[in-house]
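Below is one structure, written out as structure tokens; the observations come after it.
There are 2 protein chains.
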Amino acid sequence: MTESAHDTSITVAEKAAHKRVRALGVDLGAMDAVANIFRAANSIRNKAERDLLARHGLSFTGFTVLWVLWVWGPQESHQLAQESSVSKSTLTGIVKTLHTLKLVERKAHPSDGRRLIIAPTQKTLHLMEELFPRFNQLEKEVTSGLTKKEKSGLIKKLRTILHALEG
Amino acid sequence: MTESAHDTSITVAEKAAHKRVRALGVDLGAMDAVANIFRAANSIRNKAERDLLARHGLSFTGFTVLWVLWVWGPQESHQLAQESSVSKSTLTGIVKTLHTLKLVERKAHPSDGRRLIIAPTQKTLHLMEELFPRFNQLEKEVTSGLTKKEKSGLIKKLRTILHALEG
DNA sequence: TTGATTTCATTAGGCTCCGAACGATATCAT
DNA sequence: ATGATATCGTTCGGAGCCTAATGAAATCAA
């Protein structure tokens, strides 16, 4: 066994990092786990934007917001921001962009003049019905090296990390 | 068994998403895996920026660039960009910021006038020796719900995903 | 050698992204 | 009732982030 297309042993970058921090009493497992989460997220994000989203004028975050609206239906602004993992001020800008694309509507809250309801449009629903299966196809491809059981294990471990972050 | 602090069963957000896409023949495992990678990456990034990096005037990407320079030493610009997962033009801006913080130097390539060598400074080395152990402490905390073996499994699965993205 | 091509980093333009400051609305105390 | 407080979304200022266009330097052709 030397090198193969499905080699999952330590990379040269990881080796160099280990050498650097060896004297500092560092948790290498925690380090590599976090580093690889970022590498994976970056790569998938870039691929999705390039191959799928750019042609619709959508950023990854814009797509995420649309996804949340598609799944949950109309949302109050602050809920939508939280569920999409962006700040309120970022959401203001994203919603502005999506509004010019006619992909969201802003509606007044019936009883509270401060609040704003963001709602998907018919165009959003059509777009997501076309776009989401393609996005899922990409998700399938990037996880194609894992069995169903391995995917479950991955999901569970990531949830554990998210729980630690909430606590 | 109802709810507990370490519950890793399906979340309400995941349930809502499953309901929405049920009719579309979607791979739910792939979907949840990718979604949780993004949730984890976003949360860790935000926490690191807020709790650790902001007080030094560093963005997460700026920290990543410093980390690469710390691990690998002086790098040519395009190598540094690739290893840090940003475009060359983004790196130009990041380096500019780091330069005003006196955390990098730009050096001319000895034989090729087009190329640029980016090098860490003494200040960088001191900073990283102080900052990195704290960053690793954060990494330890967010992965504290996982055993050493589980972390290895997580790392291996993420590498598998990265291999699929390179292919 | 000089003109064409290639390969670097930077600039230009336009979103994304954040925290802080801001105005508007609602609520709470008295 | 009315002033203090809290809670909304937006704006502001500044950095990050991308692709495409640009400019500088090296290489290749003939």
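These protein sequence lines are chains A and B, in that order.
Take 1 as the starting number for the first sequence in my numbering and just add one per residue.
Take 1 as the starting number for the second sequence in my numbering and just add one per residue.
Using N, Cα and C, we set each Cβ at its ideal position, and we do this for glycine too.
Everything numeric in this text was worked out from a predicted model, so none of it was measured.
For a contact defined as C-beta to C-beta under 8 Å, what are the partners of E139/A on chain B?
D27, A30, M31, A33, V34
Do you know how far the Cα of I117/A is from the Cα of H109/A?
6 Å
Which residue wins for smallest C-alpha separation from K47/A, given the options K157/B, V34/B, E49/B?
V34/B
Alpha helix (DSSP H) containing A17/A: first to last residue?
12-21
Proximity below 7 Å, CB of I161/B to CB of V142/A:
yes
Close Cβ partners of R114/B (< 8 Å) along its chain, the five nearest in sequence each way excluded
none
Entirely enclosed alpha helix (DSSP H) segments - the region 37-79 of chain B, minimum 4 residues:
60-72
According to DSSP, simplified to helix, strand and coil, what is L101/A?
coil
Looking at the structure shown, is L116/A part of a helix, part of a strand, or coil, going by DSSP?
strand
Which value, in whole angstroms, describes the spacing of the CA atoms of G62/A and K151/B?
32 Å
Note the first and the last residue of the continuous alpha helix (DSSP H) segment covering P133/A.
122-142
Can you find a CB in chain B that lies within less than 7 Å of the CB of T143/A?
yes
Residues within the region 35-46 of chain B neighbouring chain A, beta-carbon criterion of under 9 Å
A35, N36, I37, F38, R39, A40, A41, N42, S43, I44, R45, N46
Contact under 7 Å by Cβ, S84/A with V65/A:
yes
Same chain only: Cβ atoms within 7 Å of S89/A, ignoring 5 sequence neighbours per side
none
Specify, as a first and last residue, the run of the alpha helix (DSSP H) that G160/A falls within.
Reading the sequence as shown, one finds Thr at residue 160/A and not Gly. Per DSSP, T160/A belongs to the alpha helix (DSSP H) from 148-166.
Reduced DSSP secondary structure (H/G/I, E/B, other) of T8/B:
coil
Please list, in chain order, the chain B residues whose beta carbon lies closer than 7 Å to that of S59/A.
Per Cβ cutoff of 7 Å: no residues; S59/A is ~13 Å from chain B at best.
Closer than 8 Å is the cut-off here; do at least three beta carbon pairs connect the region 20-32 of chain A with the region 123-137 of chain B?
yes
Relative to the C-alpha of T147/B, which residue among A30/A, R55/A, R45/A is closest?
A30/A
Does any CB atom of chain A fall closer than 7 Å to the CB of T121/B?
no
For A54/B versus I37/A, is the C-beta spacing smaller than 7 Å?
no
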